[in-house]
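Numbering (our numbering), first residue to last: 8 to 149.
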Amino acid sequence: MSKAAVKTFEEYCNTHDLRVTQPRLLAFKIVHAAKKPITAYEVLEKMGKDIKNPKPPTAYRALDFLADHGFVHRIESLNAYVSCDVNHKHEGSQFMICDGCGDVEEIHVCHLPKSLEDKVKSEKFTLHHWNVEVHGTCARCA
Ligand SMILES: [Zn+2]
Ligand SMILES: [Zn+2]
8 MSKAAVKTFE EYCNTHDLRV TQPRLLAFKI VHAAKKPITA YEVLEKMGKD
58 IKNPKPPTAY RALDFLADHG FVHRIESLNA YVSCDVNHKH EGSQFMICDG
108 CGDVEEIHVC HLPKSLEDKV KSEKFTLHHW NVEVHGTCAR CA
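This is the structure in structure tokens:
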């Protein structure tokens with residue numbers, strides 16, 4: 008867990024008038040420190056070290072906050088969270104997920120593939136968010 012990451016998080020909250028609550032900060036540290044995608048339940052369990060009997064909504068709300076502000080991403084197919092390894096508020100998210108070792112790599116192609124984008128436009132569909140998850144076998148497991 009790098010001090011710089013925490014500082015960036017705190018600075019972001021301060022400049023955007025967002026409160027750095029204890030659950031938000033804890034959830035940020037927990038997801039950031041996790042080597043693998045971590046579920047809300049695991050985050051909740053770890054929060055229990057610092058907060059007495061945290062309730063599930065405490066973890067969910069903190070994780071939603073972090074996801075909304077681009078500090079973590081939700082991996083839908085694993086029902087788990089990873090920290091964003093590039094600290095920017097990009098629009099979509101794309102991941103390569105190894106079914107062997109469970110390793111997740113964020114792919115920073117921050118634009119929707121052209122064919123998808125064209126389809127969305129031609130249907131006059133208003134895009135809010137998107138997420139591409141590619142499952143397979145990583146080079147180490149192959
Ligand atoms: Zn990201
Ligand atoms: Zn692997």
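C-beta: ideal position from N, C-alpha, C; glycine also.
This one's a predicted model, so the numbers in the text were calculated from it and none came from an experiment.
Presumed contact (8 Å Cβ cut-off) between residue i and residue j, rounded CB distance
| i | j | result |
| --- | --- | --- |
| V111 | P44 | 5 Å |
| A69 | A40 | That belief does not hold up - the Cβ atoms of A69 and A40 are roughly 15 Å apart, past 8 Å. |
| T144 | D106 | 7 Å |
| G99 | H76 | No, G99 and H76 are not in contact; Cβ-Cβ is about 15 Å, not under 8 Å. |
| K42 | V13 | Rounded, the Cβ-Cβ distance is 18 Å, inconsistent with contact. |
Contact under 7 Å by Cβ, residue i with residue j
| i | j | result |
| --- | --- | --- |
| I114 | E140 | no |
| V50 | V79 | no |
| A66 | A47 | yes |
| V27 | E18 | no |
Beta bridge counterpart(s) of residue i as assigned by DSSP
| i | result |
| --- | --- |
| F102 | E113, E140 |
| S129 | According to DSSP, which records beta bridges pairwise, S129 is partnered with nothing at all. |
| R81 | Y88 |
| I45 | Y88 |
Worksheet entry | Three CB pairs or more closer than 8 Å across the stretch 56 to 63 and the stretch 83 to 98 | Look at the beta carbons and you see the stretch 56 to 63 not touching the stretch 83 to 98: under three pairs across the two are nearer than 8 Å.
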